[in-house]
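Colleague:
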Amino acid sequence: MDTAASLPAVSVVMPVYNCEAYLESALDSLQAQTFSQFELFVVDDGSTDATAEIAERYAASDARITVLRQEHKFAGCARNLGLEQARGDYVLFLDGDDYFMPTMLEHAWKKITECEADICVFPVISLNQETGAFLPLMHTCRMELTPSTGCFSSMTNPRHVLCFTTPAPWNKLFRRQFLLDEGLRFEATRSANDFCFVLTALAVASKIVTLDEFLLVYRQHVKTSLQATQNKEPFAFYAALTALREQLVKRGLFGLLNHAYINTALDFCIYNLGTLRNAPEAHREVFAFLKDKGFAELGILDKPQTYFYVYPPSRYQEYRRICELSYKEYAGAGMAAPQPRKGEAQPKAAKGQTASEAAELAPSSEPSAPAASAQTASAANADSLKKKLRRIMPLQAKAFDRRAKKLEKKLDAVRADDGELKTQIKALQSQMKAMRSQMDGLRYQLSMIHEQNAALLERLSSERDDRP
Numbered sequence: 001m002d003t004a005a006s007l008p009a010v011s012v013v014m015p016v017y018n019c020e021a022y023l024e025s026a027l028d029s030l031q032a033q034t035f036s037q038f039e040l041f042v043v044d045d046g047s048t049d050a051t052a053e054i055a056e057r058y059a060a061s062d063a064r065i066t067v068l069r070q071e072h073k074f075a076g077c078a079r080n081l082g083l084e085q086a087r088g089d090y091v092l093f094l095d096g097d098d099y100f101m102p103t104m105l106e107h108a109w110k111k112i113t114e115c116e117a118d119i120c121v122f123p124v125i126s127l128n129q130e131t132g133a134f135l136p137l138m139h140t141c142r143m144e145l146t147p148s149t150g151c152f153s154s155m156t157n158p159r160h161v162l163c164f165t166t167p168a169p170w171n172k173l174f175r176r177q178f179l180l181d182e183g184l185r186f187e188a189t190r191s192a193n194d195f196c197f198v199l200t201a202l203a204v205a206s207k208i209v210t211l212d213e214f215l216l217v218y219r220q221h222v223k224t225s226l227q228a229t230q231n232k233e234p235f236a237f238y239a240a241l242t243a244l245r246e247q248l249v250k251r252g253l254f255g256l257l258n259h260a261y262i263n264t265a266l267d268f269c270i271y272n273l274g275t276l277r278n279a280p281e282a283h284r285e286v287f288a289f290l291k292d293k294g295f296a297e298l299g300i301l302d303k304p305q306t307y308f309y310v311y312p313p314s315r316y317q318e319y320r321r322i323c324e325l326s327y328k329e330y331a332g333a334g335m336a337a338p339q340p341r342k343g344e345a346q347p348k349a350a351k352g353q354t355a356s357e358a359a360e361l362a363p364s365s366e367p368s369a370p371a372a373s374a375q376t377a378s379a380a381n382a383d384s385l386k387k388k389l390r391r392i393m394p395l396q397a398k399a400f401d402r403r404a405k406k407l408e409k410k411l412d413a414v415r416a417d418d419g420e421l422k423t424q425i426k427a428l429q430s431q432m433k434a435m436r437s438q439m440d441g442l443r444y445q446l447s448m449i450h451e452q453n454a455a456l457l458e459r460l461s462s463e464r465d466d467r468p
């Protein structure tokens with residue numbers, strides 16, 4: 001029988017399917033955690049590669065790891081299976097192709113226990129597998145949409161509780177008894193199986209706490225099965241929206257959260273329609289459905305643009321194009337998909353997609369004011385600094401990386417000339433030293449931008465809190 005002392009504090013549930021290339025990295029980063037009081041359930045969803053064998057090898061040498069197997073039923077069922085076996089006070093659902101900061105479990109557990117919260121949410125960083133670039137995904141935990149105290153619920157923040165984070169479970173630590181008491185389970189669908197689970201949990205939680213640390217690295221793949229999955233179940237997103245509405249009605253929260261729900265529904269519809277643009281038949285069917293009845297059933301129809309206060313105007317503009325154009329006109333215009341800010345809302349690219357195509361389809365997180373006149377000078381400055389930061393970081397890093405590689409090649413060639421070109425070597429070394437100094441300067445400039453951005457965001461938060 002388990003005793004309180006032997007029970008883990010955190011249960012980690014990791015559904016895996018054909019991720020042999022990345023699983024070792026994920027498991028290594030969990031074994032390197034500064035917090036050791038956890039158990040890990042690796043749930044193999046019928047993989048056809050060496051994924052299960054890799055998991056079994058790690059389990060053989062680490063008693064904290066248990067491998068569960070099931071037929072290919074998709075991630076929702078795999079997470080449910082792990083949740084049924086979990087014994088920890090808290091549970092975290094991670095993906096086997098991501099990896100994690102060493103302090104992830106320690107800091108998230110400390111935050112949620114100190115605040116006695118049901119859910120702890122933290123932001124993540126994206127790793128572009130094609131370019132090697134790291135970008136902060138600000139939409140995964142939008143601190144500016146939460147109170148400065150960091151603690152809130154649907155009762156205290158109804159406008160943003162469904163919109164401040166991504167509807168994915170992997171950046172959220174949940175209190176396990178809370179999930180059991182609320183009867184929350186993932187949907188058994190190919191796609192969108194986490195949408196209703198996550199947003200219902202956020203809606204019913206007594207206390208949500210945010211942790212302003214990037215604790216997870218989300219791999220943005222060049223080739224995965226996302227597109228094929230959504231093509232096979234093109235209406236899964238709509239079923240998820242319907243299921244969420246039913247949960248909110250059942251729990252007596254729909255009146256309170258109706259406005260936030262409709263904002264979320266518009267964003268989710270436009271995003272999912274965009275993911276189907278390379279599957280003409282499915283794209284046409286979803287377009288026709290949304291135009292004929294979907295928007296009306298979700299409460300979106302006839303709402304003015306000012307009603308949509310969270311997402312950028314491009315979402316509403318795309319909705320109007322769908323309402324006003326025939327499918328032939330819409331498709332002929334290029335099936336435009338709203339583009340998010342760089343570094344935000346970049347999903348794992350679908351099979352056959354480039355990373356840039358995937359970025360075009362991402363759910364947007366750029367905030368929009370009800371009217372342009374309502375924007376303050378501080379907000380404009382903060383927005384400008386954010387854009388500058390996200391533009392400078394990847395571009396400058398790439399430029400320096402290219403120059404450094406070229407100089408390294410020159411150095412290699414010079415060394416092969418039997419020492420006759422020592423002068424050139426010294427010159428090249430001087431250039432490298434100068435480059436390092438420039439990079440140090442750039443890092444300092446970026447840190448200053450970070451500090452200015454944080455100060456502006458704090459001022460914005462203070463101004464918002466001071467408003468009557």
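Each residue of the sequence shown is one higher than the last, beginning at 1 in full-length UniProt numbering. Idealized CB from N, CA, C, for every residue including glycine.
#1: I'd like to know whether the C-beta atoms of Gln247 and Cys196 end up nearer to each other than 8 Å.
#2: Buried or exposed: which applies to Lys422, given that a residue is buried once 16 or more other Cβ atoms fall within 10 Å of its Cβ?
#3: Since Tyr218 sits in a beta bridge, which residues does DSSP pair it with?
#4: Can you tell me whether Phe152 is helix, strand or coil according to DSSP?
#5: Three or more beta-carbon pairs under 8 Å between the stretch 157-164 and the stretch 64-78, yes or no?
#6: Note down the Cα distance separating Leu273 from Lys303, rounded to an integer number of angstroms.
#7: With a threshold of 6 Å on Cβ separation, who are the neighbours of Gly174 within its own chain once the five nearest residues in sequence on each side are excluded?
#8: Let me know the secondary structure DSSP gives Arg277 once reduced to three states.
#9: What separation, rounded to the nearest whole angstrom, lies between the Cα atoms of Pro338 and Leu276?
#10: Using only alpha-carbon positions, find the residue among Ala243, Gln429 and Leu216 that is nearest to Pro136.
#11: Looking at the structure shown, is Glu324 part of a helix, part of a strand, or coil, going by DSSP?
#12: What would DSSP say about Asp267, mapped onto helix, strand or coil?
#13: Does the contact criterion of 3 or more C-beta pairs under 8 Å hold for the stretch 15-26 versus the stretch 42-53?
#14: Where in the stretch 186-210 do unbroken runs of the beta strand (DSSP E), each at least 3 residues long, occur, reported from the N-terminal end onward?
#15: Using the beta-carbon count (16 or more within 10 Å), is Cys323 buried or exposed?
#16: To the nearest angstrom, report how far apart Cys19 and Ala133 are at their CA atoms.
#17: Are the beta-carbon atoms belonging to Ser191 and Ala236 less than 8 Å from one another?
#18: Skipping 5 residues on each side, what residues in its chain have a beta carbon closer than 7 Å to that of Phe308?
#19: Pull the bridge partners of Glu39 from the DSSP assignment, please.
#20: Please report how far the alpha carbon of Gly150 lies from the alpha carbon of Val13, in whole angstroms.
#21: Measure the C-alpha to C-alpha separation of Glu281 and Ser326 and round it to an integer number of angstroms.
#22: Keeping to the same chain, check which residues put their C-beta closer than 6 Å to that of Phe254; ignore five residues upstream and five downstream.
#23: Hey, which unbroken runs of the beta strand (DSSP E) at 3 residues or more fall wholly within the UniProt domain "Glycosyltransferase 2-like" (11-140)?
#24: If we count the other Cβ atoms within 10 Å of its Cβ and call it buried at 16 or more, is Lys111 buried or exposed?
#25: Taking the CB atoms as reference points, tell me whether Gly82 and Leu105 lie closer together than 8 Å.
#26: Mind checking Leu94: buried by the 16 CB within 10 Å criterion, or exposed?
#27: Can you have a look at Lys291 and say buried or exposed, based on whether 16 or more other CB atoms are within 10 angstroms of its CB?
#28: Measuring straight from C-alpha to C-alpha, what distance separates Glu144 and Asp212?
#29: Taking the alpha carbon of Ile300 as the point to measure from, which residue in Glu182, His259 and Gly332 has its own alpha carbon closest?
#30: Please state the DSSP three-state secondary structure of Ala345.
#31: Taking just the CA atoms, how far does Tyr319 sit from Ala296?
#32: Less than 8 Å between the beta carbons of Glu39 and Pro15, yes or no?
#33: Quick check: what's the CA-CA separation for Thr156 versus Thr165?
#34: In angstroms, rounded to a whole number, what distance separates the CA positions of Ile270 and Leu199?
#35: Among residues of its own chain, excluding the 5 on either side of Lys232, which ones have a beta-carbon nearer than 8 Å to its beta-carbon?
#36: Nearest to Val310 by CA position, among Gln452, Val209, Arg57 and His139, is which residue?
Modeller: According to the data block:
#1: Walking along the sequence shown from the start, residue 247 turns up at place 247. Walking along the sequence shown from the start, residue 196 turns up at place 196. Result yes, Cβ atoms of Gln247 and Cys196 sit closer than 8 Å.
#2: Looking up residue 422 in the sequence shown gives position 422. Exposed.
#3: Counting from 1 along the sequence shown, the entry for residue 218 is found at position 218. According to DSSP, Tyr218 bridges with Ser126.
#4: On the sequence shown, position 152 is the one that residue 152 refers to. If DSSP states are grouped into helix, strand and coil, Phe152 belongs with the strands.
#5: no
#6: Residue mapping note: residue 273 aligns to position 273 of the sequence shown, counting from 1. Residue mapping note: residue 303 aligns to position 303 of the sequence shown, counting from 1. Straight-line Cα distance between these residues: approximately 20 Å.
#7: On the sequence shown, residue 174 is found 174 positions in, with the first residue counted as 1. Reading off the sequence shown, one finds Phe at residue 174, where the question assumed Gly. Hits under 6 Å: Val91 and Ile119.
#8: Against the sequence shown, residue 277 aligns to sequence position 277. In the structure shown, Arg277 sits in coil (DSSP, three-state: anything other than H, G, I, E or B).
#9: Start at 1 with the first residue of the sequence shown, and residue 338 comes out as number 338. Start at 1 with the first residue of the sequence shown, and residue 276 comes out as number 276. Summary for Pro338: the model assigns pLDDT 41, below 50, so the residue's position carries little reliability; its value from the coordinates is reported in the next sentence. Their backbone Cα atoms lie some 14 Å apart in a straight line.
#10: For this step, residue 136 is matched to residue 136 along the sequence shown. Checking every option, the nearest Cα to that of Pro136 belongs to Leu216.
#11: Within the sequence shown, the letter at position 324 stands for residue 324. Residue state, collapsed to three classes: helix.
#12: Counting from 1 along the sequence shown, the entry for residue 267 is found at position 267. Here Asp267 sits in helix by DSSP.
#13: yes
#14: 208-210
#15: Counting from 1 along the sequence shown, the entry for residue 323 is found at position 323. So Cys323 ends up on the exposed side.
#16: To locate residue 19, count along the sequence shown from 1; it is residue 19. To locate residue 133, count along the sequence shown from 1; it is residue 133. Cα to Cα, Cys19 sits roughly 21 Å from Ala133.
#17: Position 191 of the sequence shown, counted from the start, is the residue given in the question as residue 191. Position 236 of the sequence shown, counted from the start, is the residue given in the question as residue 236. Their beta carbons are under 8 Å apart, which means Ser191 touches Ala236 by this criterion.
#18: By one-based count along the sequence shown, residue 308 stands at place 308. Only Asn263, Leu266, Arg315 and Tyr316 meet the Cβ criterion.
#19: Taking the sequence shown and counting its residues from 1, the one referred to as residue 39 is at position 39. DSSP, once it has assigned bridges, lists Ser11 as partnering Glu39.
#20: Within the sequence shown, the letter at position 150 stands for residue 150. Within the sequence shown, the letter at position 13 stands for residue 13. Near 26 Å, if we compare the C-alpha coordinates of Val13 and Gly150.
#21: Translated into the one-based positions of the sequence shown, residue 281 becomes position 281. Translated into the one-based positions of the sequence shown, residue 326 becomes position 326. Each residue's Cα considered, the two are about 15 Å apart.
#22: Taking the first residue of the sequence shown as 1, we reach residue 254 at position 254. Once the five neighbours on either side are set aside, the close Cβ partners of Phe254 are Leu248.
#23: 38-45, 65-70, 90-93, 119-121, 124-128 and 134-137
#24: Taking the first residue of the sequence shown as position 1, residue 111 is located at position 111. Classification of Lys111: buried, given that the 10 Å Cβ count is 16 or more.
#25: Counting from 1 along the sequence shown, the entry for residue 82 is found at position 82. Counting from 1 along the sequence shown, the entry for residue 105 is found at position 105. No. Outside cutoff.
#26: Locating residue 94 in the sequence shown gives position 94, where the first residue counts as 1. With 16 or more Cβ atoms within 10 Å of its Cβ, Leu94 is classed as buried.
#27: Translated into positions along the sequence shown, residue 291 becomes position 291. With 16 or more other Cβ atoms within 10 Å, it is buried.
#28: If you number the sequence shown from 1, residue 144 lands on position 144. If you number the sequence shown from 1, residue 212 lands on position 212. Going from the Cα of Glu144 to the Cα of Asp212 covers about 11 Å.
#29: On the sequence shown, residue 300 is found 300 positions in, with the first residue counted as 1. Considering only alpha carbons, the answer is His259.
#30: Taking the sequence shown and counting its residues from 1, the one referred to as residue 345 is at position 345. Summary for Ala345: the model assigns pLDDT 40, below 50, so the residue's position carries little reliability; its value from the coordinates is reported in the next sentence. Coil, per DSSP.
#31: Taking the first residue of the sequence shown as position 1, residue 296 is located at position 296. Taking the first residue of the sequence shown as position 1, residue 319 is located at position 319. For Ala296 and Tyr319, the distance between alpha carbons rounds to 12 Å.
#32: The residue given as residue 39 occupies position 39 in the sequence shown. The residue given as residue 15 occupies position 15 in the sequence shown. Going by C-beta atoms, Glu39 is not nearer than 8 Å to Pro15.
#33: Here residue 156 refers to the residue found at position 156 of the sequence shown. Here residue 165 refers to the residue found at position 165 of the sequence shown. Each residue's Cα considered, the two are about 16 Å apart.
#34: The sequence position of residue 270 within the sequence shown is 270, counting from 1. The sequence position of residue 199 within the sequence shown is 199, counting from 1. Whole-angstrom Cα-Cα distance: 18 Å.
#35: Walking along the sequence shown from the start, residue 232 turns up at place 232. Excluding positions up to five away in sequence, the list reads Arg190.
#36: Your numbering for residue 310 matches position 310 in the sequence shown. Looking at the Cα atoms, His139 is the closest of the given residues.
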